[in-house]
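Here's the structure, in structure tokens; my notes come after.
2 protein chains.
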Amino acid sequence: MYTIGQLVKQFELSRSTLLYYDKIGLLQPSARSAANYRLYTKDDLQRMSQIFLYKEAGLSLEVIAQILDEQSNQPTAILEQRLNQLNTEISQLRQQQQLIIELLGKESLLRTSRVMDKAQWVAILKASGMDEQAMKQWHIEFERGLPEAHQDFLESLGIGQDEIGKIRGWARLE
Amino acid sequence: MYTIGQLVKQFELSRSTLLYYDKIGLLQPSARSAANYRLYTKDDLQRMSQIFLYKEAGLSLEVIAQILDEQSNQPTAILEQRLNQLNTEISQLRQQQQLIIELLGKESLLRTSRVMDKAQWVAILKASGMDEQAMKQWHIEFERGLPEAHQDFLESLGIGQDEIGKIRGWARLE
DNA sequence: CTTAAACTATGAAGCTGTAGTCAGGTCAAA
DNA sequence: TTTGACCTGACTACAGCTTCATAGTTTAAG
Numbered sequence: 086m087y088t089i090g091q092l093v094k095q096f097e098l099s100r101s102t103l104l105y106y107d108k109i110g111l112l113q114p115s116a117r118s119a120a121n122y123r124l125y126t127k128d129d130l131q132r133m134s135q136i137f138l139y140k141e142a143g144l145s146l147e148v149i150a151q152i153l154d155e156q157s158n159q160p161t162a163i164l165e166q167r168l169n170q171l172n173t174e175i176s177q178l179r180q181q182q183q184l185i186i187e188l189l190g191k192e193s194l195l196r197t198s199r200v201m202d203k204a205q206w207v208a209i210l211k212a213s214g215m216d217e218q219a220m221k222q223w224h225i226e227f228e229r230g231l232p233e234a235h236q237d238f239l240e241s242l243g244i245g246q247d248e249i250g251k252i253r254g255w256a257r258l259e
Numbered sequence: 086m087y088t089i090g091q092l093v094k095q096f097e098l099s100r101s102t103l104l105y106y107d108k109i110g111l112l113q114p115s116a117r118s119a120a121n122y123r124l125y126t127k128d129d130l131q132r133m134s135q136i137f138l139y140k141e142a143g144l145s146l147e148v149i150a151q152i153l154d155e156q157s158n159q160p161t162a163i164l165e166q167r168l169n170q171l172n173t174e175i176s177q178l179r180q181q182q183q184l185i186i187e188l189l190g191k192e193s194l195l196r197t198s199r200v201m202d203k204a205q206w207v208a209i210l211k212a213s214g215m216d217e218q219a220m221k222q223w224h225i226e227f228e229r230g231l232p233e234a235h236q237d238f239l240e241s242l243g244i245g246q247d248e249i250g251k252i253r254g255w256a257r258l259e
């Protein structure tokens, strides 16, 4: 049996958090002491570590509760959905990066920032021995093996949708 | 003079949002009609589009208000700070992706997901004509030109910090 | 001219996932 | 016995809105 303070230390979260989980029914201690203290069993700990895991994956408490309580629903679908959501979130953040770089007036900052440019990427590939032909081939292979990731990668270089469309177009054809 | 509804259409946001902006003082209409309707001037529109821009960059309303109202503070520093924040946010989301892929049992999903694997990346480079030597050179160039981006990219392939450390280590030396 | 739809107003409460504060009850050790 | 560490429930605050309730105004149709 563990008190609330012990869980707080184990999982490095605040007491308020556990109180809240109790209140919303996500993690309710299996017992109470004579003095009405919350007492968590090993099963509760087990449940808590599941919650922790899913939280790290970015799931909402509501969704976590669904997974844990309605056993019928296997988590696979939910996790896949979250994976998709993550893709859109990341791409939104990348758009924010590109916008800020524009606002800052490009040149000065591109060098210091960790955001890559199309030109910089091409320069690196050239410097490591790739020629035009090899790069074309690289796009083709990328598109064949991981079309979605190809799209994401080009976006991350700040290339516009129109140009991306063209590149992927001819990469698919060959 | 524009009513609140006209702004709603122009900027594609909800009326409640504008009411809220009014309340917190971020965007207060310059005038009111006889019936006490909010009336926005062209200057207000101008201000709104600035707000919109900074919002797209992911700045908080509080920070936006600072930039717009305290003209002394040039936005550069704030934007650079946001750029840094974006890097950590993106890398957190990538960690969530990797975790979910683990939870899903890897193999089945890696093929359909848009997340790249080290193996997949290497396969693409090989298929487009790179050999071991060229890849080594590629790391060296990447590290020399954009060390931070190199780190980010390796992280995005799900490579552990220890291995990343090794790769960047020898890439720096040569 | 009337009436209904479509607009506008104010104010309050709700949402998520915590963090923190309060006044007090409990418990083990010195 | 008294300290001090722990615990209790209940409350407030945060961002950036949304929703709700209630009501006044404008505009177009009939």
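In the order they appear, the protein sequences are chains A and B. Quick note: the first sequence uses the numbering used here, first residue 86, plus one each step. Quick note: the second sequence uses the numbering used here, first residue 86, plus one each step. Each residue gets a CB set at the ideal place from its N, CA and C atoms; glycine is no exception.
Here A:Tyr-122 carries a coil assignment [DSSP, helix/strand/coil]. For B:Ser-99, there is no enclosing alpha helix (DSSP H), as DSSP gives it neither H nor E.
Under a 10 Å Cβ-count criterion, A:Asn-172 is classified as buried, with 16 or more other Cβ atoms of the shown protein chains found around its own Cβ. DSSP, reduced to helix, strand and coil, places B:Arg-117 within a strand of the structure shown. Bounds of any alpha helix (DSSP H) do not take in A:Tyr-87, whose DSSP letter is neither H nor E. The beta-carbon of A:Asp-237 is placed less than 7 Å from the nearest beta-carbon of chain B. With three or more CB-CB distances shorter than 8 Å, the stretch 238–250 of chain B counts as touching the stretch 173–184 of chain B. DSSP, read as helix, strand or coil, puts A:Ser-145 in coil.
Two segments are said to touch when three or more pairs of C-beta atoms, one from each, lie closer than 8 Å; by this definition the stretch 101–111 of chain B does not touch the stretch 215–223 of chain A.
Taking the Cα positions, B:Arg-167 is about 23 Å away from A:Glu-141. Residues of chain B whose Cβ lies closer than 8 Å to the Cβ of A:Arg-199 are, in chain order, Asn-172, Leu-231, Glu-233, Ala-234, Gln-236 and Asp-237.
By the criterion of a C-beta distance shorter than 6 Å, A:Lys-203 is surrounded in its chain by Leu-242 and Ile-244, once the five residues flanking it on both sides are discounted. Judged by DSSP secondary structure, A:Pro-232 falls within the alpha helix (DSSP H) whose first and last residues are 232–241. Its Cα nearest to that of B:Arg-257, the residue B:Gly-230 stands out among B:Asp-247, B:Gln-246 and B:Gly-230. For A:Leu-184, the chain B residues whose Cβ falls inside 9 Å of its Cβ are Leu-138, Glu-141, Ala-142 and Gly-143, in order along the chain.
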